[in-house]
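Going by this note's numbering, the sequence shown opens with residue 168, and the numbers climb by one from there. Glycine included, every Cβ here is placed at the ideal spot set by N, Cα and C. Note that this is a predicted model, so its numbers are computed, not measured.
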Amino acid sequence: LFGVVQPPVLAVEALIMLSISLMAALNVRRLLRADSANSHLGTHATIVFACGLLHGFGFAAAMSAMGLHADYRALSLLGFNLGIELGQMIFLVAVLMCATLLVRTPRKLAIVPSWRIVVNAAILIVSLVVFALRVGEGM
């Protein structure tokens, strides 16, 4: 955004998809092994932090592509970030509402482990496909 670091946009987009794939794969592995969510908390926190930095490059590239006037960069950045956070909260609330409905079904004990694996596996597959498409665009 301020021209300090400008990695190639396609590379950043591809790496973002790869980071999503990594987190989905780790989730599937944890669910299949029936590990405690807290057993790898430090590792997951480190990966999430690194992915957050990577995603920040993606947001910065999107902001740069908008061609903002220098006088409005700070205000635009604030508005952009607030919009992203609001969108994430709305998405999270929708996902949590769906998850709550699934958990409260009469067959909850049979459904809960499998639907979490299926959702994470689907995220893994889709993110790997988008990763491959981004890498293909760059060649």
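Could you check which residue in the options has the C-alpha nearest to that of residue i?
i, options, result
"residue 300", "263, 191, 180 and 209", "180"
"residue 178", "241, 261 and 222", "222"
"residue 187", "217, 228, 237 and 235", "217"
"residue 171", "250, 227, 182 and 209", "227"
"residue 251", "225, 270 and 305", "225"
"residue 173", "214, 232 and 302", "232"
Our contact map puts residue i next to residue j with C-beta atoms below 8 Å; I'd like the distance itself, whole angstroms only.
i, j, result
"residue 291", "residue 192", "6 Å"
"residue 283", "residue 198", "6 Å"
"residue 298", "residue 184", "4 Å"
"residue 215", "residue 288", "Their Cβ separation, rounded to whole angstroms, is 20 Å, which puts residue 215 and residue 288 out of contact at 8 Å."
Go ahead and label residue i buried or exposed: buried means 16 or more other beta carbons lie within 10 angstroms of its beta carbon, across all protein chains shown.
i, result
"residue 248", "exposed"
"residue 201", "exposed"
"residue 246", "exposed"
"residue 294", "buried"
"residue 265", "exposed"
"residue 168", "Residue placement at residue 168 cannot be trusted, given a pLDDT of 46 that sits under 50; what the coordinates show is reported in the next sentence. Residue 168 is buried by the Cβ-count criterion."
Counting along the chain, where does the alpha helix (DSSP H) carrying residue i start and finish?
i, result
"residue 181", "176–200"
"residue 262", "240–270"
Indicate, with yes or no, if the ligand ADP has a heavy atom lying under 7 Å from the CB of residue i.
i, result
"residue 186", "Although the ligand ADP was asked about, the structure shown includes no ligands whatsoever."
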